[in-house]
Amino acid sequence: MSVAGPRDLAERDVWVFDLDNTLYPAEHEVFDEIGARMTTFIARLTGFEHEAARVLREKYFLAYGATVVGVVKHHGASAADFLSYVHDVSFDAVHADPELAGLIERLPGRRIVFTNGARDYAGRILAKLGVTQAFDEVFALEDADLVPKPQRGAFERLVARCAFDPARAVMFEDHDRNLETAAAMGFATVLVGPPAPPAPFIHFATSSLHAFLRGLVEPSIDRSAGIA
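Following the working numbering, the residues of the sequence shown are numbered contiguously, the last one being 301.
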């Protein structure tokens, strides 16, 4: 991918990270189990067969950025009940990532997790990864009043609650549509994951968060490490 936008992050001192598929891979079985529980919840709520419930789950995610928003908006379900049910999964398969923790801790300034997931879920995942201490704050879906990324309102709530200037921030995220909003507000953006078509709102792209962070915190390593 050709990289457009700011290439020097030295003046940035607020580091904002998505959770799922950014700090840990979404192909992880935990994420699969959460998806299956979402489908089950919707099937029970609507009376739909499993496949129809799965399709509706994906439709709500694409439409709103978080399935819970569609479940609440169209079916009157309790957001708390939905989030509690779908995140009642085992985290035994999630393992600590001390290298990631060390790299994030070396970033200068503030470090924030910004997730469309529930606060309790985010806390449990961060604890299992062993990176809780690397972050200053966690901004979850409840903190955004159930307004999810990529809606601008979610980012505005983040900025207001955490009190920072987006022009000093970097956003790490696996969904390019979320980065489009971030870039429009002044964030520098880093797409984490498989290559995507070039876009002016994707300033950096990397298949390895670890490699990219090493390029930031270890001066002997070329800043372009991990940029694809």
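Ideal Cβ positions, reconstructed from N, Cα and C, are used throughout, including at glycine.
Note that the coordinates shown come from a computational prediction; the quantities given were computed from them, not determined experimentally.
Integer Cβ distance of residue i from residue j, believed to fall under 8 angstroms
i: Arg85; j: Ala278; result: 17 angstroms between Cβ atoms; not a contact.
i: Ala191; j: Ala213; result: 6 angstroms
i: Ala152; j: Val141; result: 5 angstroms
i: Leu118; j: Ala150; result: 6 angstroms
i: Leu219; j: Val145; result: 7 angstroms
i: Ile198; j: Phe164; result: 7 angstroms
Counted within 10 angstroms of its Cβ, other Cβ atoms place residue i as buried (16 or more) or exposed
i: Pro98; result: exposed
i: Gly266; result: buried
i: Arg130; result: buried
i: Pro221; result: buried
i: Val128; result: exposed
i: Phe90; result: buried
i: Asp209; result: exposed
i: Pro181; result: exposed
i: His69; result: In this structure the chain extends from 74 to 301, so residue 69 is not present and cannot be described.
i: Gly143; result: buried
i: Arg184; result: buried
Boundaries (first-last residue) of the beta strand (DSSP E) holding residue i
i: Arg184; result: 183–187
i: Val89; result: 87–90
Short Cβ contact (8 angstroms threshold) for residue i with residue j
i: Ala255; j: Thr262; result: yes
i: Glu178; j: Ala207; result: yes
i: Leu176; j: His283; result: yes
i: Glu215; j: Val162; result: no
i: Asp170; j: Val204; result: yes
i: Leu96; j: Leu202; result: yes
i: Pro239; j: Phe260; result: yes
Residue interval of the alpha helix (DSSP H) (run including residue i)
i: Phe164; result: Phe164 -> no alpha helix (DSSP H), and no H or E assigned at all.
i: Arg192; result: 192–202
i: Pro98; result: Careful: Pro98 lies outside any alpha helix (DSSP H) and carries neither H nor E.
i: Ala83; result: That residue, Ala83, is in no alpha helix (DSSP H); it is neither H nor E in DSSP.
i: Gly157; result: The displayed chain sequence assigns Ser, not Gly, to residue 157. 152–159 is the extent of the alpha helix (DSSP H) around Ser157.
i: Glu178; result: 171–178
* Asked: Which runs of the beta strand (DSSP E) fall wholly inside the stretch 207–242 and span at least 3 residues, in chain order?
  -> With a minimum length of 3 residues, the continuous beta strand (DSSP E) runs that stay inside the stretch 207–242 are 210–212.
* Contiguous alpha helix (DSSP H) assignments of at least 4 residues, all confined to the stretch 101–149 -> 102–119, 123–137, 140–148
* Hey, which unbroken runs of the alpha helix (DSSP H) at 4 residues or more fall wholly within the stretch 247–287? -> The stretch 247–287 contains these whole alpha helix (DSSP H) runs: 249–257.
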